[in-house]
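Numbering (our numbering), first residue to last: 371 to 489. Beta carbons are placed, not taken as given, at the ideal position from N, Cα and C, and that holds for glycine. Working notes, beginning with the structure itself.
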């Protein structure tokens, strides 16, 4: 059984459409997305450790937006939940979501690098 498109780390149909629209300019966008993931994860972890809601909201929102831009829907979804946990200052929920965020981030990063290699 193949992975359902909604479960895939990247929406390859979305990326193909973007590539048709902007051509090779898509490559640095996806490279930038993949490169920023580790930094955003560190910033999110630090915000959680320090229970800094504003920082958690900011970094989760940034991750959500950049993920959505490249079609990393599962990561965008979990980042949105993490952002909401920050707004609610629900540190227990945010901590639980961090593990899922790390898993989805790694999947998105690997898929992004595979996509970049096709250029």
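Can you give the beta carbon distance from residue i to residue j, rounded, assuming they're within the 8 Å contact cut?
i	j	result
residue 470	residue 404	Their Cβ separation, rounded to whole angstroms, is 19 Å, which puts residue 470 and residue 404 out of contact at 8 Å.
residue 400	residue 482	5 Å
residue 380	residue 438	That belief does not hold up - the Cβ atoms of residue 380 and residue 438 are roughly 11 Å apart, past 8 Å.
residue 459	residue 423	5 Å
From residue i to residue j, what does the alpha carbon distance come to, in whole angstroms?
i	j	result
residue 389	residue 440	11 Å
residue 464	residue 418	7 Å
residue 411	residue 393	29 Å
residue 406	residue 462	25 Å
residue 477	residue 395	23 Å
residue 435	residue 408	15 Å
residue 382	residue 431	23 Å
residue 472	residue 421	18 Å
residue 402	residue 391	18 Å
Please work out which residues of its chain come closer than 8 Å, Cβ to Cβ, to residue i, disregarding the five sequence neighbours upstream and downstream, and give them in chain order.
i	result
residue 427	453, 456, 457
residue 377	444
residue 467	448, 451, 452, 455
residue 397	486, 489
residue 385	396, 400, 440, 441, 485
By the DSSP assignment, the alpha helix (DSSP H) with residue i in it spans what residues?
i	result
residue 425	423-440
residue 413	396-420
residue 521	Residue 521 lies beyond the residue range present for the chain, which begins at 371 and ends at 489; the question has no answer from this structure.
residue 487	461-487
residue 378	Taken as a continuous stretch (DSSP letters only), residue 378 belongs to no alpha helix (DSSP H), as it is neither H nor E.
Excluding sequence positions up to five away, which residues of its chain have a Cβ less than 7 Å from the Cβ of residue i?
i	result
residue 429	410, 413, 414, 417
residue 446	434, 437, 438
Taking 6 Å as the limit between beta carbons, can you name the residues of its chain near residue i, skipping five residues before and five after?
i	result
residue 433	410, 449
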